[in-house]
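In this note's numbering, the protein residues as written are 521 to 1024. Using N, Cα and C, we set each Cβ at its ideal position, and we do this for glycine too.
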Ligand SMILES: Cc1cc2nc3c(=O)[nH]c(=O)nc-3n(C[C@H](O)[C@H](O)[C@H](O)COP(=O)(O)OP(=O)(O)OC[C@H]3O[C@@H](n4cnc5c(N)ncnc54)[C@H](O)[C@@H]3O)c2cc1C
């Protein structure tokens, strides 16, 4: 039990260390929900923020809903655009599967279209020549292909989840101003020491200028430094480097197109992949690669070539990343949020979602435990499972890649350092008569729905060869696919062009 609790059972004072996206997400949520707690955020001007992380999942919408900020209040300030999912380009060299889209969920999927996708996957697994590529089966894929924003007219009766693209520095600025309006105190300083009391709890942090900040509870948002959780409290770190080879990135902006895409594009390059994220004033681009396979100079040249910027003098930024997670995200009187708790590489843009889940779930467990560490173990088990579930989904992209042009892709395909869960999923994919049903039955889905797993595996063309002897009534099959397409097209009539939705 913390000594200093308010009457409402929440800590009297919380200090958040770090003013990147994670720090400000934590500050806003705490300020909105724990109204009697003093919240202070300290950040270092000298160290600054990582300044990448410009794509989200639908969790960012949940976060803004939780702090009661609407799209029109924040998006224009952050040059933000809408996102319906991610196109994966050139991850497979199998004819017909060179590109596929991983959509966010729409209610029309499960009710109308995805059952047909699953049926055709089964038929394709048995050698029938049917269309089992994911793209024709999802409404959000259609929205992306037609540059339609994901907010339907009011009369459209089905829910459509969506994410965003945004300028990370501007998002930080917006969240910082919003939190300060809700009484969060902001201060600047670089922490040089973290002092523990005899129970091993953090008693205060010491800044370089000699001042000290004490609190009842501390939130570590110090990025890859993980100053409180890893360095001071010595919580163990589990690296994912055996599963995920990428450990560096190079980042270059480029000119935005007139028509704003509503998707992130992920293009496989020689030794990793490049993201392309549309903001209102620029494309954010980056090449995530393994520096065991390509050095920084060659990676930069390859990215410039990919973007048509070989002759351009726009400066590139080089970054290192650590992939893995701490074993405990809540320990003693400290919670780690953001890069300080871990990172799984940005392929599915999941880091901000994990930060939001971590702080929201912590608040719930802390309240249920009435200010004690009673649910610390359950909380850590839950957050670890979220991290590991996302890791498995991301590892699967590399494991099932269908390229063989470089050692990097070959090394990824033969890498057997994959979790038991992922092994079981790949076995089910090959053998099950009901992939989605069995995923749920054996509790294998992890952090992604069966339809996301099916998009990934079918999208890369992970199928046996077509058996030309298998007879099928093609006219009936074609009629069914045409009917679905027409249904999705008519659903699409309820959506505006992305540019019009953003009033650009
Ligand atoms: C290449 C790359 C691409 C990414 N793409 C995505 C994406 O598309 N989507 C997504 O969700 N996420 C993405 N991420 C992750 C995303 O960038 C982070 O999750 C997000 O920016 C939050 O970072 P943070 O706040 O944890 O850390 P940071 O932004 O690094 O902030 C750390 C803060 O701690 C402060 N600090 C550090 N040490 C001290 C000290 N000693 N004293 C005082 N203050 C200190 C710093 O000054 C800073 O304010 C990406 C990451 C990388 C590396």
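Find out if the Cβ-Cβ distance for the pair residue i, residue j is shorter than 9 Å.
i: residue 858; j: residue 759; result: no
i: residue 624; j: residue 669; result: no
i: residue 633; j: residue 1007; result: yes
i: residue 813; j: residue 708; result: no
i: residue 539; j: residue 741; result: yes
i: residue 872; j: residue 545; result: yes
i: residue 907; j: residue 864; result: yes
i: residue 1016; j: residue 736; result: no
i: residue 507; j: residue 698; result: Residue 507 falls outside the range modelled here, since the chain spans only 521 to 1024, and no answer is possible.
i: residue 808; j: residue 867; result: yes
i: residue 1031; j: residue 691; result: Here the chain has residues from 521 to 1024 only, and residue 1031 is not among them.
i: residue 896; j: residue 949; result: no
i: residue 626; j: residue 679; result: yes
i: residue 622; j: residue 981; result: no
i: residue 589; j: residue 561; result: no
i: residue 765; j: residue 854; result: no
i: residue 573; j: residue 664; result: no
i: residue 793; j: residue 784; result: no
i: residue 797; j: residue 689; result: no
i: residue 860; j: residue 1024; result: no
i: residue 1018; j: residue 602; result: yes
i: residue 938; j: residue 649; result: no
May I ask whether a heavy atom of ligand 1 can be found less than 8 Å away from the beta carbon of residue i?
i: residue 871; result: yes
i: residue 949; result: no
i: residue 594; result: no
i: residue 765; result: no
i: residue 733; result: no
i: residue 574; result: yes
i: residue 769; result: yes
i: residue 745; result: yes
i: residue 810; result: no
i: residue 741; result: yes
i: residue 783; result: no
i: residue 841; result: yes
i: residue 755; result: no
i: residue 891; result: no
i: residue 625; result: no
i: residue 712; result: yes
i: residue 859; result: yes
i: residue 863; result: yes
i: residue 563; result: yes
i: residue 535; result: no
i: residue 656; result: no
i: residue 795; result: yes
i: residue 541; result: yes
i: residue 709; result: yes
i: residue 774; result: no
i: residue 909; result: no
i: residue 531; result: no
i: residue 798; result: no
i: residue 605; result: no
i: residue 952; result: no
i: residue 1057; result: Because the chain spans 521 through 1024 in this model, residue 1057 falls outside it and cannot be assessed.
i: residue 538; result: yes
i: residue 730; result: no
i: residue 578; result: no
State the beta-bridge partners of residue i as determined by DSSP.
i: residue 560; result: 535, 705
i: residue 619; result: 609
i: residue 575; result: 685
i: residue 724; result: 715, 734
i: residue 809; result: 768, 792
i: residue 626; result: 680
i: residue 895; result: Note: residue 895 sits in no beta bridge, so no partner.
i: residue 854; result: 738, 851
i: residue 837; result: 771
i: residue 922; result: 612
i: residue 845; result: 758, 862
i: residue 798; result: 803
i: residue 1017; result: 668
i: residue 786; result: 608, 795
Any Cβ of chain C within less than 9 Å of the Cβ of residue i?
i: residue 745; result: Among the chains in the structure shown there is no chain C, since it carries only a single protein chain.
**Asked** Does the region 898-915 come close enough to the region 769-786 to have 3 or more Cβ pairs within less than 8 Å?
**Response** no
**Item:** Contact between the region 804-815 and the region 756-776 (3+ Cβ pairs under 8 Å)
**Value:** Yes, the region 804-815 touches the region 756-776.
**Request:** Mind the definition here: the region 645-658 touches the region 565-582 only if three or more C-beta pairs lie below 8 Å; say whether that holds.
**Result:** no
**Item:** Segment contact, 8 Å Cβ cut-off, at least three pairs: the region 786-801 with the region 604-612
**Value:** yes
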